[in-house]
Every structure is written in C-alpha cells, then in structure tokens.
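K.L.:
Using our numbering, the final residue of the sequence shown is 1250, and nothing's skipped along the way.
Backbone N, C-alpha and C define an ideal beta-carbon position, used for all residues, glycine too.
Note that the structure is predicted; figures quoted are calculated from it, not measured.
Below is the structure I would like to discuss, written out as structure tokens.
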Amino acid sequence: MNFQFEHIEWLPLLALIPALLFIFFWALQRKKYIAKKIGNPVLVKELSRSYSPSNFIAKFVFLLLAMSAILLAFLNLRKPGSSANIKRAGVDVVIALDLSKSMLADDIKPNRLEKARQFLYRLMDELSDDRIGLVFFAGHAYLQMPLTTDHSAARIYIQNASPDAVPTQGTVVAEALQRANDAFNSKERKFKSIILITDGEDHDQQAQALGASLAENGVMVNTIGIGSAEGAPIMDPATNSYKKDLQGQTVISKLNETLLQQLSASTKGVYVRLDDVADAVSKVRAQLDTIEKSPLEDAAFKEYNTYYYYFVAIALLLLILELLWPERKWHIA
918 MNFQFEHIEW
928 LPLLALIPAL
938 LFIFFWALQR
948 KKYIAKKIGN
958 PVLVKELSRS
968 YSPSNFIAKF
978 VFLLLAMSAI
988 LLAFLNLRKP
998 GSSANIKRAG
1008 VDVVIALDLS
1018 KSMLADDIKP
1028 NRLEKARQFL
1038 YRLMDELSDD
1048 RIGLVFFAGH
1058 AYLQMPLTTD
1068 HSAARIYIQN
1078 ASPDAVPTQG
1088 TVVAEALQRA
1098 NDAFNSKERK
1108 FKSIILITDG
1118 EDHDQQAQAL
1128 GASLAENGVM
1138 VNTIGIGSAE
1148 GAPIMDPATN
1158 SYKKDLQGQT
1168 VISKLNETLL
1178 QQLSASTKGV
1188 YVRLDDVADA
1198 VSKVRAQLDT
1208 IEKSPLEDAA
1218 FKEYNTYYYY
1228 FVAIALLLLI
1238 LELLWPERKW
1248 HIA
C-alpha cells in the first residue's frame, strides 16, 4: 500500500503513550494506598460501593486511544497518489554571509546577523525556482552548502549560523567571493549571481580586482550592506564584554559602503543598505530578474492522499466518550 508518515519529526511524541500508562498505573496504586490508609474494610467497601473499576479502566482506554489518534494525525499518514512533471527555469544564487564578530554589533536591531537572517528568509521565499548555495566567511571562507533546490536545508544552515561556526575571525571578502564563484558551473557564463551580505570591513584591494574577473565570467554580485556609518561596539559572547584593540580602546565597527558599491557596480549588480527588509528583498529580486533564466531538469511533482482528518475525528469521538463515560457503576432502573 506504500503508506508513509510525512512528519516523522513528531515520532518522539510517541513517548507520551508509555507516560500515560505510567500515570494510569500510578493512579491505581494511589487508590489502593488510600483504601488501605482508611483501614476499616467495611468502611472502604461502603465508600467504594458505587465505584466501578471496569469503568475507570474504560475511561483510561478511551483517553489512551484518543492520544494515539492525535499523534497519528500529527504524523500525517499518507499514500502516494498521482504524479506529474513540471518544468522550471531559474538562476544559480550563492549567498556569501559574513559571520565575523562585527556582525553581532547592535547598531542595526536586534543585531546585524539577526537582521541578515530576516532578509535571507524573506529572499528565499522569492527564489522558489532558483538553486541556492551558501558560503560562510570571517577570517576564512567555507562552502557550507553547494547549489541545490532544497531551500529547507539552507534555512537550517542560516538559522544555526554564528561566529562560532567560523573559527578564524576577520573579514575576507575576496576569499568569500572566490569560494562562491567556485560553486558555479565554470562552463556557463550566465545564469549566476552572488549575494554578498556583510558590513564590508575588509579594505583589501583583492576584492575589487576580483569583481572584474567575476564580471567577465558572467557573475552578477549583489551586495547587502549591514551596519551604520556611526558604527557600534562589538560584543564578545565569550567574555560578555566589548572587544578592545591593542591600546585598550573599544573597537567600533562601521559599515564600509564604498567597497560594496564598487563590487556591485563592476558586475552589473545592485547595492542595498539593509534598513528595511521588504524593500531590500524587492530590489534584489528585481535585479535577479534581469538575469537570463537557465532551464532546470524536469521536477517530479507527486500528490499524496492524506488521512490525518480520520484520526482527528476518531480522537474527538474518543475524548467525548471519555468525558461522558461515568466512573461509577451503571444503575439500571
């Protein structure tokens, strides 16, 4: 029949079933303990004359079955149905995200890195037909995820991104651009874009020189600047204090817009200062729309027949029965 569960992440909830069994047996033992504590067997028999052990067990069985049905509804039992192929066209986008400690500065609320996450989540909603890759960088750059249409994996990587993920601190924009370029198909000279998200605190001329090379290879670099001209001190989570230079002065991290503007201009991209997330996403999406789309392989789209609503109905019925079912003995007139 090829039945399967869609949301296996809910499987740990099955541990609630033995937990309910434990509570049930604890309740039985508790009743016995209270009966023994009263002491007088005649009094106990009189007090429990209307109590029905079978009805008490029935109420528990209803509750246990209802809980099981709810869990099955969460898991969403389903069976493959019809399938079809769909054609898509898109571009390859490699996101280069700065994870240096300066991204923890809070001149942009709640901080630069969190603002970058908000931007990327919104942007990925607009890139449903595009392949996405990830490069994380600070003192060195690393290909975190190769190009893929699995946007859910990208979201997980971005959610967990932090300066701790990049052991060497610094801001090597040139190396990040090179790693991003290496992720593309070198034979293609179109369909490609890098989205660089940083405060731009790298003043190395290599990044500007690399921009010209990327343009020759058909790579559009869109740059997103995060930070302010006034800047802000950098909080070090390890010491819970502001970072200081060799002279003991508090380091102020400022946005370097010049480098980012030059990079985007040299590759026919767009520079956006990230103040308003929606506006930044709109501008980058519009710029990406100017790139010729590459036809992707046919993607199989499969429909499923789901059965969760049956289990919801069963659970509701069982819960109603549990509420209406008496714990006392039935009295037949």
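Quick check on isoleucine 925: buried or exposed, where buried means 16 or more other Cβ atoms within 10 Å of its Cβ?
P.N.:
Along the sequence shown, one-based indexing puts residue 925 at 8. Classification for isoleucine 925: exposed.
K.L.:
With distances taken Cα to Cα, identify the nearest neighbour of threonine 1085 among Gly1056, Gln1166, Leu981, Ser1183.
P.N.:
If you number the sequence shown from 1, residue 1085 lands on position 168. Nearest Cα to threonine 1085 within the set Gly1056, Gln1166, Leu981, Ser1183: Gly1056.
K.L.:
Answer yes if the stretch 1165-1172 comes into contact with the stretch 1199-1206, meaning at least three C-beta pairs across the two stretches below 8 Å, and no otherwise.
P.N.:
no
K.L.:
Relative to the C-alpha of aspartate 1192, which candidate in Ala1132, Gly1165, Glu1031, Gln1123 has its C-alpha closest?
P.N.:
Reading the sequence shown from its first residue, position 275 is the one you call residue 1192. The candidate whose alpha carbon is nearest that of aspartate 1192 is Glu1031.
K.L.:
Serine 1045 by DSSP, collapsed to three states: which one?
P.N.:
The residue you call residue 1045 lines up with position 128 of the sequence shown. Coil, per DSSP.
K.L.:
What is the DSSP secondary structure of aspartate 1099, counted as helix, strand or coil?
P.N.:
As a position in the sequence shown, residue 1099 is number 182, starting the count at 1. Here aspartate 1099 sits in helix by DSSP.
K.L.:
From which residue to which residue does the alpha helix (DSSP H) around arginine 1072 run?
P.N.:
Counting from 1 along the sequence shown, the entry for residue 1072 is found at position 155. From DSSP, the alpha helix (DSSP H) with arginine 1072 extends over 1068-1076.
K.L.:
Quick one: what's got a C-beta closer than 7 Å to glutamate 1043's C-beta in the same chain, skipping five residues either side?
P.N.:
Here residue 1043 corresponds to residue number 126 of the sequence shown, with the count starting at 1. If we look at glutamate 1043 and ignore the five residues flanking it on each side, its Cβ neighbours are Val1198, Arg1202.
K.L.:
At which residues does the alpha helix (DSSP H) containing threonine 1175 begin and terminate?
P.N.:
For this step, residue 1175 is matched to residue 258 along the sequence shown. First-last of the alpha helix (DSSP H) with threonine 1175: 1174-1183.
K.L.:
Between which two residues does the beta strand (DSSP E) harbouring methionine 984 extend?
P.N.:
Mapped onto the sequence shown, residue 984 falls at position 67. That residue, methionine 984, is in no beta strand (DSSP E); its alpha helix (DSSP H) goes 970-992.
K.L.:
Could you say if the stretch 1173-1186 and the stretch 1130-1139 meet the contact criterion of at least three C-beta pairs nearer than 8 Å?
P.N.:
Between the stretch 1173-1186 and the stretch 1130-1139 there are three or more C-beta pairs closer than 8 Å, enough to call the two in contact.
K.L.:
So for glycine 1128, helix, strand or coil by DSSP?
P.N.:
Here residue 1128 refers to the residue found at position 211 of the sequence shown. Reduced to three states, the DSSP call for glycine 1128 is helix.
K.L.:
Go ahead and pull the three-state DSSP assignment for phenylalanine 1108.
P.N.:
Numbered from 1 along the sequence shown, position 191 holds the residue referred to as residue 1108. Correct three-state label for phenylalanine 1108: coil.
K.L.:
Going by alpha carbons, who is nearest to lysine 1107 out of Gln1123, Ala1132, Ala1091?
P.N.:
As a first step, residue 1107 must be located in the sequence shown, where it is residue number 190. Here the closest residue by C-alpha is Ala1132.
K.L.:
What does DSSP give as the partner residue(s) for methionine 1152 in the beta ladder?
P.N.:
Walking along the sequence shown from the start, residue 1152 turns up at place 235. Methionine 1152 pairs with Tyr1159.
K.L.:
May I ask you to report which of helix, strand or coil DSSP gives tyrosine 1224?
P.N.:
Walking along the sequence shown from the start, residue 1224 turns up at place 307. Coil.
K.L.:
Around the C-beta of phenylalanine 1245, are 16 or more other C-beta atoms found within 10 angstroms, so that it is buried, or is it exposed?
P.N.:
Reading the sequence shown from its first residue, position 328 is the one you call residue 1245. The residue you asked about is not phenylalanine; residue 1245 is arginine in the sequence shown. So arginine 1245 counts as exposed.
K.L.:
Per DSSP, which one or two residues make a beta bridge with glutamine 921?
P.N.:
Along the sequence shown, one-based indexing puts residue 921 at 4. Its beta-bridge partners are Arg995.
K.L.:
Enumerate in chain order the residues of its own chain whose CB-to-CB distance from alanine 1124 is below 7 Å, with the five nearest sequence positions on each side excluded.
P.N.:
Walking along the sequence shown from the start, residue 1124 turns up at place 207. Within the same chain, Cβ atoms closer than 7 Å to the Cβ of alanine 1124 are found at Val1090, Ala1091, Leu1094, Leu1176, Leu1180, the five residues on either side in sequence being excluded.
K.L.:
When the Cα atoms are used, what is the spatial distance from leucine 1051 to alanine 1126?
P.N.:
Within the sequence shown, the letter at position 134 stands for residue 1051. Within the sequence shown, the letter at position 209 stands for residue 1126. Distance between the alpha carbons of leucine 1051 and alanine 1126 is about 22 Å.
K.L.:
Please classify threonine 1156: is it buried, with 16 or more other beta-carbons within 10 angstroms of its beta-carbon, or exposed?
P.N.:
Translated into the one-based positions of the sequence shown, residue 1156 becomes position 239. Classification for threonine 1156: exposed.
K.L.:
Give the DSSP-derived three-state secondary structure of leucine 938 in the structure shown.
P.N.:
Within the sequence shown, residue 938 is the residue found at index 21, counting from 1. Leucine 938: helix per DSSP, three-state reduction.
K.L.:
In this structure, how does DSSP classify glutamine 1123 when only helix, strand and coil are distinguished?
P.N.:
Taking the sequence shown and counting its residues from 1, one reaches residue 1123 at position 206. The three-state secondary structure of glutamine 1123, taken from DSSP, is helix.
K.L.:
Quick check on valine 1136: does DSSP put it in helix, strand or coil?
P.N.:
The residue labelled residue 1136 in the question sits at position 219 within the sequence shown. It is a strand residue.
K.L.:
Could you tell me the distance, in whole angstroms, from the CA atom of leucine 938 to the CA atom of isoleucine 1073?
P.N.:
Position 21 of the sequence shown, counted from the first residue, corresponds to residue 938. Position 156 of the sequence shown, counted from the first residue, corresponds to residue 1073. Cα-Cα distance, rounded: 36 Å.
K.L.:
Counting only the same chain and skipping the five closest in sequence on each side, list residues whose C-beta sits under 7 Å from that of glutamine 1061.
P.N.:
Locating residue 1061 in the sequence shown gives position 144, counting from the first residue. If we look at glutamine 1061 and ignore the five residues flanking it on each side, its Cβ neighbours are Leu1051, Val1052, Phe1053, Tyr1074.
K.L.:
Ordered along the chain, which non-local residues of its own chain (more than five positions away) have a Cβ less than 6 Å from that of tyrosine 1225?
P.N.:
Here residue 1225 corresponds to residue number 308 of the sequence shown, with the count starting at 1. Result list for tyrosine 1225: Ala990, Asn993, in chain order.
K.L.:
Count the other C-beta atoms from every protein chain shown that fall within 10 angstroms of the C-beta of threonine 1088, then say buried if there are 16 or more, exposed otherwise.
P.N.:
On the sequence shown, residue 1088 is found 171 positions in, with the first residue counted as 1. Buried.
K.L.:
Would a check of beta-carbon distances place asparagine 993 closer than 8 Å to chain B?
P.N.:
Annotation note: the requested chain B is absent from the structure, which comprises a single protein chain.
K.L.:
Please classify proline 1212 as buried or exposed, where buried requires at least 16 neighbouring CB atoms within 10 angstroms.
P.N.:
Taking the first residue of the sequence shown as position 1, residue 1212 is located at position 295. Classification for proline 1212: exposed.
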